[in-house]
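Colleague: Got a structure for you, written out below as structure tokens; questions coming shortly.
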Amino acid sequence: MAATSPAVECREVRKSFGGVPVLTDVSVSFDAGTVNVLAGENGAGKSTLLNMIAGLLAPDAGSISIAGQEIGHFDPSVAHRHGVSFIPQELAPLPDMRVEENVLLGRAPRSRFGLIDRAAMTRSAGELLAQFGIDIDPRTPMRRLPVALTQIVEIAKAIGWESSVLLMDEPTAAISERETERLFTVIRRLRERGVCVVYTTHRMAEIEVIADTVCVLRDGSLVSNGPATDYTERDIVTAMIGRQMGNLFPARAPAPEQKPMLALEALRPAGAPEPVTLSVRPGEIVGLAGLVGAGRTELLEGIFGVRPAKGRVLVDGRAVRLGVPHAAIAAGIALVPEDRKNAGLVLELSTTDNTILPHLSKYLRGRTFINRRTGQREAETVAERVNLQRSNASRPVRTLSGGNQQKVVIARWLLADMRVLLLDEPTRGVDVGSRAEIYRIISQLAAAGVAVLLASSELDEVINLTHRILVMRQGRVAGEIQHDGMTDAAVKERILRLAMGLNSTDPHAERASA
Amino acid sequence: MTTVEHATAATDVSVARLPARVAKWSLDHAIFSMLLVFVVVFAIVSPAFGSLSNGRVILLAASASALLAMGEAFVILTGGIDLSVGSVVGLSGVAAALAAHNSGSAAVATVVAVAVGLAAGLFNGLVVAFARVPPFIVTLGSMTIALGVGQVLSHGSPVSGLPERFIAIANNSYGGIPVPVMIMVVAFLVLWLLLARTGFGMHVYAVGGNPLAARIAGINERRILLAVYTLAGVLAGLAGLILASRVTAGIATTGTGYELDAIAAVVIGGISLMGGRGSIAGALIGVLIIATLNNGLDILNVSPFYQDIVKGILIIAAVFVDVRVAHRTER
């Protein structure tokens, strides 16, 4: 029996939170030695399903079996014993401990006297990491690793428990495409070892590359399930949103030849090796591509004044005081930061309050008291412009989905006279439906004369939304690509070559940045 | 269940099922309900508790603590903490008593008390906001400094022999309402407006809820921090004045331990120690719960030692309830 039973089998699983059904009678199974992608919009029930298999939540009805054994008691330690490892979306490393201590947390090798055997620890952590193709000193503090490596260390930690089932919630949301490739290498290796991998993603392109099976959830029900080869990207998106979708990317309007709206003159954010000079015209969308850690976020933060910087930032020819976000806002610069939960929103404040927060002085009576009625009315107007479903604008913004939270971060800047829009990974962790809307908003704003600087690790987004692309590497602009009329594959290759610093034989690829 | 059914069920609740509504309201206002329960229980158990004059006693006892707790609430809402307010009470009391003794004027004493509180708060705020020393450390230091300065100024003994006009400040009543109670009520109204209705108030929540997001929204975090510590200092100065006047002497150690009572009240009142969540009404209710409990147990002749035990349990229980309620509404 054990030979034929699937690694994970869910039968008629049902779950609701506070009377709201999240999963309804989902039956699905995953085999050993396969990679299975769970697709679906935010709120479709993907995470809930993973959480139940991981033993973090108990189903209201139905059963879950691991390798033919039905789980009677839902608890992470029970799931562990059955060989299930779970890597949540929000990683939980111990940043002040070493990599080896993180990897071997709770099972560090002991010496004869019961003390921790440091040498053995370094050795076995190093061996484990080497299996995943990571060549770092296991004694490195965890804090120093980039997100992608942190993630692989977390996987190493999980797999170290000899698991037969690996669950991952959005493992690729926070890492660049190149690092995704490294993650896939690890996943393929695990598949060869007979591990059953189940993971959720928003990136359609990954399914073709890595998945054996696809399982699409919509509103808590399993709407489609089968071998990945049976699906096109369009089929999956249609199944996810339950209707045909138009083009993800809006048509690009040409940017008029005008003098720059945003100009950086030798701007050097703290920590950057070299100053950056660039300009963006009104109506132009300029992409900033590069690997994680290439300095894109730092550059945007320097422009907006969140990070101290030297040099000059000019908006419509007028210099902006550096290092003071307030001055940047007054000059018409808007920032949609990379990490909306940590940098963009105050999660306990309401949607309305978060929307008016950067412009509060406009909503004060007698410079003191908040005029909530006006604030609410105007917040509602901009919310409509971004198609934000306003179930209750006075509830804390943390109750909104990721896509809707991102719309709030964008909507707030529509309240002011925006001239420059800085976007840092605007669609990270955002579902397909909201993504299309965010793209539409960005191009509408550009059409209205806003200069847009878009930093993104999603190459499709950079290619299809922008007028030209700047590729950053190690804090400097490594090159510029005018990609009009080029094929996507050709642009991707140039971006990657520039981003990785490979010598290009193509004379067009490396164009010195002015 | 379809949405239509859902909607009708909701209206049914609002019209017919009063007990359910009461239950929901009490859960949503768990802290206030707890205060009501205490008042009712004590009133039933002891007739003396329910009298009007006893109500006045409770409010009078709560007044100085309320000022401290409300100041502490602002600091804690920004994610900080102020351990110095108790010592500042003693220091400003000593300073006010010395001023009253030397000048004979209640007005001068009042100005001195407030100025001392302001200076202490400004010091805390400057070091926290600009030198970036953690608030716990800064105020632990200034707590000790303020106590030391108070002892030096008073030569380690109570400053007494105070003029009638000074003693009158906290011992007079108008229309049956003691002056400290009036101060407490006025302070509550002003601070409530400040926190719930002004731009400053929203900035306090934003800085405490997410400092980085607040900065990106263009908020001057340092100015907010400076302001809340200064406010807490001023309120501690006022509390010091009231207490010195009530006990008719300036004593450096008067307020020792009051900072912990203030923090306890804030926590009981449902304000998150992580910052960003809670209300000024919560802090006031927290103070009233502690004062009611102390008074009720006194009347029932329960030893103060047991009162401490009850208070400790209450602190933990209040946060437990708060966590459960927050968890319940999460999903």
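Protein chains in written order, with this note's numbering: chain A, 8 to 521; chain B, 5 to 335.
Don't be surprised by glycine CBs; every beta carbon is placed ideally from N, CA and C.
1) By the DSSP assignment, the beta strand (DSSP E) with Ala68/A in it spans what residues?
2) Looking only at its own chain, which residues have a Cβ that is under 7 Å from the Cβ of Leu144/B, when we skip the five neighbours before and after it?
3) Based on Cα-Cα distance, which residue from Ala386/A, Ala454/A, Val230/A, Leu274/A lies nearest to Lys317/A?
4) Consult DSSP for Phe93/A and reduce its assignment to one of helix, strand or coil.
5) Between which two residues does the alpha helix (DSSP H) containing Asp523/A stretch?
6) Following the continuous beta strand (DSSP E) through Ser23/A, name the residue where it begins and the one where it ends.
7) Using DSSP's beta-bridge definition, name the partner residues of Gly213/B.
8) Please list, in chain order, all residues of the same chain as Pro23/B whose beta carbon is under 6 Å from its beta carbon, the five residues on each side excluded.
9) Just curious, the beta strand (DSSP E) that Leu45/A is in, first and last residue?
10) From the DSSP output, which residues share a beta bridge with Ser228/A?
11) Please confirm if Arg3/B has its CB atom under 8 Å from at least one CB of chain A.
12) Measure the CB-CB distance between Val314/B and Leu301/B and report whether it falls below 8 Å.
13) Apart from the five residues on each side of it in sequence, which residues of its chain come closer than 8 Å, Cβ to Cβ, to Gly165/B?
14) Bridge partners of Arg275/A, per DSSP?
15) Please identify, using Cβ separations under 8 Å, the residues of the stretch 421-439 of chain A that lie next to chain B, in order along the chain.
16) Could you check whether the Cβ of Arg201/B sits closer than 8 Å to any Cβ belonging to chain A?
17) Between Ser30/B, Arg226/B, Ser249/B, Glu76/B, which has its C-alpha nearest Leu130/B's C-alpha?
18) Note the first and the last residue of the continuous alpha helix (DSSP H) segment covering Gly309/A.
19) Based on Cα-Cα distance, which residue from Thr55/A, Glu107/A, Leu421/A, Asp124/A lies nearest to Phe93/A?
20) Beta-carbon within less than 7 Å of Tyr446/A's beta-carbon, same chain only, minus the 5 sequence neighbours each way: which residues are those?
21) Would you verify that the beta carbon of Thr6/B is, or is not, closer than 8 Å to some beta carbon of chain A?
22) In chain A, which residues lie with their C-beta within 8 Å of the C-beta of Met206/B?
23) Going along the chain, which residues of its own chain have a beta-carbon closer than 7 Å to the beta-carbon of Val327/B, five neighbours each way excluded?
24) Who pairs with Glu281/A in a beta bridge, going by DSSP?
25) Go ahead and label Asn176/B buried or exposed: buried means 16 or more other beta carbons lie within 10 angstroms of its beta carbon, across all protein chains shown.
26) Quick one: which residues of the stretch 306-330 of chain A get their C-beta closer than 8 Å to a C-beta of chain B? List them in chain order.
27) Please list, in chain order, all residues of the same chain as His207/B whose beta carbon is under 6 Å from its beta carbon, the five residues on each side excluded.
28) Suppose you measure from the CA of Leu329/A to the CA of Pro276/A; what does that come to, to the nearest Å?
29) Using a Cβ cut-off of 7 Å, pull out every chain A residue sitting near Leu216/B, in sequence order please.
30) Does the distance from the CB of Ala266/B to the CB of Ser91/B come in under 8 Å?
31) Take Gly278/A as the anchor and find which of Arg314/A, Lys266/A, Gln265/A has the nearest alpha-carbon.
32) Among the residues of its own chain, which have a CB less than 6 Å from the CB of Arg405/A, if the five just before and after it don't count?
33) Name the residue from Gly237/B, Ala100/B, Leu193/B, Ser107/B whose alpha carbon lies nearest to the alpha carbon of Ser146/B.
34) Assuming Ala103/B contacts Val93/B (C-beta within less than 8 Å), just tell me the rounded distance between them.
35) Measure the alpha-carbon distance for Leu197/B versus Ala334/A and round it to whole angstroms.
36) Along chain A, which residues have their Cβ under 7 Å away from the Cβ of Arg281/B?
Modeller: Taking the structure as given:
1) Along the first sequence, one-based indexing puts residue 68/A at 61. For Ala68/A, the uninterrupted beta strand (DSSP E) segment begins and ends at 68-73.
2) For the purposes of this step, residue 144/B is taken as the residue at position 140 of the second sequence. The answer, listed in chain order, is Leu87.
3) As a working mapping, residue 317/A is identified with position 310 in the first sequence. Per the Cα distances, Leu274/A.
4) Position 86 of the first sequence, counted from the first residue, corresponds to residue 93/A. In this structure, Phe93/A counts as strand in the three-state DSSP scheme.
5) The question about residue 523/A has no answer, for chain A in this structure spans 8 to 521.
6) Your numbering for residue 23/A matches position 16 in the first sequence. Element bounds for Ser23/A: 15-24.
7) The residue labelled residue 213/B in the question sits at position 209 within the second sequence. According to DSSP, which records beta bridges pairwise, Gly213/B is partnered with nothing at all.
8) Position 19 of the second sequence, counted from the start, is the residue given in the question as residue 23/B. None.
9) Reading the first sequence from its first residue, position 38 is the one you call residue 45/A. Its beta strand (DSSP E) spans residues 42-46.
10) Locating residue 228/A in the first sequence gives position 221, counting from the first residue. Paired residues: Arg225/A.
11) The shown model of chain B, from 5 to 335, leaves out residue 3/B, and the question about it has no answer.
12) Here residue 314/B corresponds to residue number 310 of the second sequence, with the count starting at 1. Here residue 301/B corresponds to residue number 297 of the second sequence, with the count starting at 1. Contact: yes.
13) What you label residue 165/B is simply residue 161 of the second sequence in a count that begins at 1. The answer, listed in chain order, is His105.
14) Here the question's residue 275/A lines up with position 268 in the first sequence. According to DSSP, which records beta bridges pairwise, Arg275/A is partnered with Lys317/A.
15) none
16) Here residue 201/B refers to the residue found at position 197 when the second sequence is read from its first residue. Interface residue, yes.
17) As a working note, residue 130/B is residue 126 in the second sequence. Considering only Ser30/B, Arg226/B, Ser249/B, Glu76/B, the residue with the shortest C-alpha distance to Leu130/B is Arg226/B.
18) One-based indexing of the first sequence puts residue 309/A at position 302. Gly309/A -> alpha helix (DSSP H) spans 303-311.
19) Here the question's residue 93/A lines up with position 86 in the first sequence. Taking only the C-alpha atoms, the option nearest Phe93/A is Thr55/A.
20) Taking the first residue of the first sequence as 1, we reach residue 446/A at position 439. Around Tyr446/A: Leu255, Phe256, Pro257, Leu472.
21) Mapped onto the second sequence, residue 6/B falls at position 2. Here Thr6/B scores only 36 on pLDDT, less than 50, and its place in the model is too uncertain to base an answer on.
22) Residue numbering aside, residue 206/B sits at position 202 when the second sequence is read from its first letter. Result: Leu356, Asp360, Leu364, Leu367, Ile377.
23) For the purposes of this step, residue 327/B is identified with residue 323 of the second sequence, where counting begins at 1. Result list for Val327/B: empty, nothing under 7 Å.
24) Here residue 281/A is taken as the residue at index 274 of the first sequence, counted from 1. In the DSSP output, where bridge partners are listed per residue, Glu281/A has none listed.
25) By one-based count along the second sequence, residue 176/B stands at place 172. Exposed: under 16 other Cβ atoms inside 10 Å.
26) Phe311, Val313
27) In the second sequence, the residue the question calls residue 207/B occupies position 203. Counting only Cβ-Cβ distances below 6 Å, and skipping sequence neighbours, we find Ile223, Ile228.
28) As a first step, residue 329/A must be located in the first sequence, where it is residue number 322. As a first step, residue 276/A must be located in the first sequence, where it is residue number 269. Rounded to the nearest whole angstrom, the CA to CA distance from Leu329/A to Pro276/A is 10 Å.
29) Along the second sequence, one-based indexing puts residue 216/B at 212. Within 7 Å Cβ-Cβ: Asn349, Ala350.
30) Sequence index remark: in the second sequence, residue 266/B carries index 262 (1-based). Sequence index remark: in the second sequence, residue 91/B carries index 87 (1-based). Remark: C-beta atoms of Ala266/B and Ser91/B do not approach each other more closely than 8 Å.
31) Within the first sequence, numbered from 1, the residue matching residue 278/A stands at position 271. Considering only alpha carbons, the answer is Arg314/A.
32) Taking the first sequence and counting its residues from 1, the one referred to as residue 405/A is at position 398. Closer than 6 Å at Cβ, skipping near neighbours: Leu354.
33) Here the question's residue 146/B lines up with position 142 in the second sequence. With distances taken between Cα atoms, Ser146/B lies closest to Gly237/B.
34) Translated into the one-based positions of the second sequence, residue 103/B becomes position 99. Translated into the one-based positions of the second sequence, residue 93/B becomes position 89. About 16 Å; that fails the 8 Å criterion.
35) As a working mapping, residue 197/B is identified with position 193 in the second sequence. As a working mapping, residue 334/A is identified with position 327 in the first sequence. If you take the alpha carbons of Leu197/B and Ala334/A, they lie about 28 Å apart.
36) Residue 281/B sits at position 277 when you count from the first residue of the second sequence. Residues of chain A with a Cβ closer than 7 Å to the Cβ of Arg281/B are, in chain order, Glu355.
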